[in-house]
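Residue numbers are given in my numbering: position 83 of the sequence shown equals residue 200, and the series is strictly consecutive.
I have placed the structure first, in the form of structure tokens, so that the comments after it can refer back to it.
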Amino acid sequence: MSTLHVLSHSPFGDDRLSSCLRVIGPNDALLLSGDAAYALQPGTAPFSALHARQLKLFVLAEDVQARALQVPDWASAIDYPAFVELSIHYDKVNSWL
118 MSTLHVLSHS PFGDDRLSSC LRVIGPNDAL LLSGDAAYAL QPGTAPFSAL
168 HARQLKLFVL AEDVQARALQ VPDWASAIDY PAFVELSIHY DKVNSWL
């Protein structure tokens with residue numbers, strides 16, 4: 118069973134990203150939204166952790182733009198309609214609140 122994991126909190130404020138990375142499976146994907154987009158800051162521990170995992174990684178384009186971040190080539194920037202499509206594609210959605 119595949120899961121879309123959705124993170125919206127900064128990876129610098131708590132350990133939700135670390136917890137998520139411990140349980141994410143090979144058929145799962147991760148969507149960064151809101152302040153979770155800060156995980157894509159090059160040279161940071163969250164950036165390195167995401168890159169090392171080589172997982173299916175998505176980020177909401179408007180959140181990246183609002184924070185003046187670049188999307189690395191190993192992640193995909195998506196809009197809200199694509200977010201809905203991802204939610205339908207995966208068996209379940211787990212929001213890390």
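Quick reminder that beta carbons are idealized off the backbone N, C-alpha and C, glycines included.
Within 8 Å, strictly: CB atoms of residue i and residue j
i    : j    : result
L149 : V176 : yes
F164 : L157 : yes
Span separating the alpha-carbon of residue i from that of residue j
i    : j    : result
A178 : A194 : 5 Å
Y155 : P128 : 7 Å
W213 : M118 : 18 Å
Residue i at chain C interface by Cβ criterion, 8 Å
i    : result
I141 : Looking at the structure shown, chain C is missing, and only one protein chain is on hand.
For residue i, the residue or residues it bridges with in DSSP
i    : result
S193 : F175
H122 : L147 and N211
Ranges of the beta strand (DSSP E) found wholly within the region 132 to 188, counting only runs of at least 3: 146 to 149 and 173 to 177
Three Cβ pairs or more, each shorter than 8 Å: is that satisfied between the region 189 to 200 and the region 124 to 143? no
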